[in-house]
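Input: a single structure, listed below in structure tokens.
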Amino acid sequence: MKLFEQKFYESMQSKVPLLDKVTRFIVTTKGKQMRPMFVFLCAKLVGDVTEKTYRGASMIELIHTATLVHDDVVDESFKRRNFFSINALWKNKIAVLVGDYLLSKSVLLSTDHKDYDLLGVISRTIREMSEGELLQLEKARKLDITEDVYYEIIRQKTATLIAACCEIGVLSNSTDENLAKKMMDFGTYTGMAFQIKDDLFDYLSSNVIGKPVGIDIKEQKMTLPLIYTLKKADEKDRKYYFNTIKRYNNNPKRVKELIEFVKSSGGLEYAITVMKDFQQKAKNILNEFPDSQARKSLHSMLDYVIERKF
Numbered sequence: 000m001k002l003f004e005q006k007f008y009e010s011m012q013s014k015v016p017l018l019d020k021v022t023r024f025i026v027t028t029k030g031k032q033m034r035p036m037f038v039f040l041c042a043k044l045v046g047d048v049t050e051k052t053y054r055g056a057s058m059i060e061l062i063h064t065a066t067l068v069h070d071d072v073v074d075e076s077f078k079r080r081n082f083f084s085i086n087a088l089w090k091n092k093i094a095v096l097v098g099d100y101l102l103s104k105s106v107l108l109s110t111d112h113k114d115y116d117l118l119g120v121i122s123r124t125i126r127e128m129s130e131g132e133l134l135q136l137e138k139a140r141k142l143d144i145t146e147d148v149y150y151e152i153i154r155q156k157t158a159t160l161i162a163a164c165c166e167i168g169v170l171s172n173s174t175d176e177n178l179a180k181k182m183m184d185f186g187t188y189t190g191m192a193f194q195i196k197d198d199l200f201d202y203l204s205s206n207v208i209g210k211p212v213g214i215d216i217k218e219q220k221m222t223l224p225l226i227y228t229l230k231k232a233d234e235k236d237r238k239y240y241f242n243t244i245k246r247y248n249n250n251p252k253r254v255k256e257l258i259e260f261v262k263s264s265g266g267l268e269y270a271i272t273v274m275k276d277f278q279q280k281a282k283n284i285l286n287e288f289p290d291s292q293a294r295k296s297l298h299s300m301l302d303y304v305i306e307r308k309f
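Structure, rendered in structure tokens:
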């Protein structure tokens, strides 16, 4: 990871002083870097870590960072991991352009080294992540998200990037497409569990994620606990709580009331069951591989995904 951090910073460098200042800030405020870890561990699961593995991990982290920078602009968010966001420090225009720059660097990193298989993966990933975000925005307007649509949104929005990590890890030292597809499925299941865990934080007052409780409801995001609860509710309750999401989403009393209704209706328990089911599907794929340190570490990562406190 130390070597990766150095290579990742090098992959962002530019001749423009302002860009360098922003990318230095990005490196110093980095998050858990879970995604590059998936790239390295999946590469180790099937072979050795190569220079191509480092490039693949850098591509993934460039895409991930670009989407976070763009998300903060879209969400008008001024904090990221308890630091000021790029748009808070340098305004929206610079933040959008920096995000664009990082995306272009991820593409250039693959074309410059003729890693066309990795280019295919990251191009598909960028497209799917954009589609997932737009699908969520469209559905938030109509509030007509079914459970199936929710799964499609989180698959595209979150799981597709973790799936790309695992696929790229394999492709960095193997030409076995079936193996790459198998690990892509592993990453998809892991990513689905990861996003459901994130959605559960919205209902837990003890969360230390730094995200205020009920923020998804305020933003009219229909997540699994809420979708399940409203589907199960009688007509009177459903109308009342739909009205809360639609018209009273900024009323703290009504939002608190809805959170309590979700909790008492078994919405959290249902979401936890689904999350653990996705985790088990991912573990089943892992267990097809011979025992190794990489497999043990991936099992630990899977446990972390659903047990984390932030």
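Numbered per numbering that gives the first Met the number 0, the sequence shown spans residues 0 to 309. We treat Cβ as the ideally placed atom computed from N, Cα and C, and that holds for glycine.
Practice item. Evaluate the contact criterion for the segment 122 to 140 versus the segment 151 to 160: three or more CB pairs, one atom per stretch, below 8 angstroms. Key: yes
Review point. Between the C-alpha atoms of R154 and G131, what's the straight-line distance to the nearest angstrom?
Key: 8 angstroms
Exercise for review: Check I208 in the structure and name its three-state DSSP category.
Suggested key: Bear in mind that the predicted position of I208 carries a pLDDT of just 45, short of 50, making it unreliable; the figure below should be weighed with that in mind. Three-state result, I208: coil.
Exercise for review: Please report how far the alpha carbon of M36 lies from the alpha carbon of L44, in whole angstroms.
Suggested key: 12 angstroms
Review point. Between Y149 and the rest of its own chain, which residues show a CB-CB distance below 8 angstroms, the 5 nearest in sequence each way excluded?
Key: M221, T222, L223, I226
Check your understanding: So, helix, strand or coil for D114, using DSSP?
Key -> coil
Check your understanding: Along the chain, which unbroken stretches of the alpha helix (DSSP H) at least 4 residues long are found entirely within the segment 170 to 235?
Key -> 176 to 199, 214 to 217, 223 to 231
Point to revise | Under the three-state DSSP convention, the category I161 falls into | key: helix
Check your understanding: Does the segment 277 to 284 come within contact of the segment 299 to 309, defined as at least 3 CB pairs closer than 8 angstroms?
Key -> yes
Review point. In whole angstroms, what is the alpha-carbon distance linking N206 and D198?
Key: Confidence is the limiting factor: at N206 the pLDDT is only 46, short of 50, which leaves the residue's position unreliable, though a coordinate-based value still follows. Taking the straight line joining both Cα atoms gives about 11 angstroms.
Point to revise | CB of E60 within 8 angstroms of CB of F24, strictly | key: no
Exercise for review: Out of I85, M0, K245, state which residue places its alpha-carbon closest to the alpha-carbon of D19.
Suggested key: I85
Point to revise | Beta carbon of A56 nearer than 8 angstroms to that of V38 | key: yes
Review point. Excluding sequence positions up to five away, which residues of its chain have a Cβ less than 8 angstroms from the Cβ of L40?
Key: G168, A293, S296, L297, M300
Review point. If you compare alpha carbons, which of G186, A139, M191, M128 is closest to I244?
Key: A139
Review point. Between A270, V106, F241, which lies nearest to F200 when the distance is taken from Cα to Cα?
Key: A270
Check your understanding: Just to confirm, are R34 and L108 a CB contact at a threshold of 8 angstroms?
Key -> no
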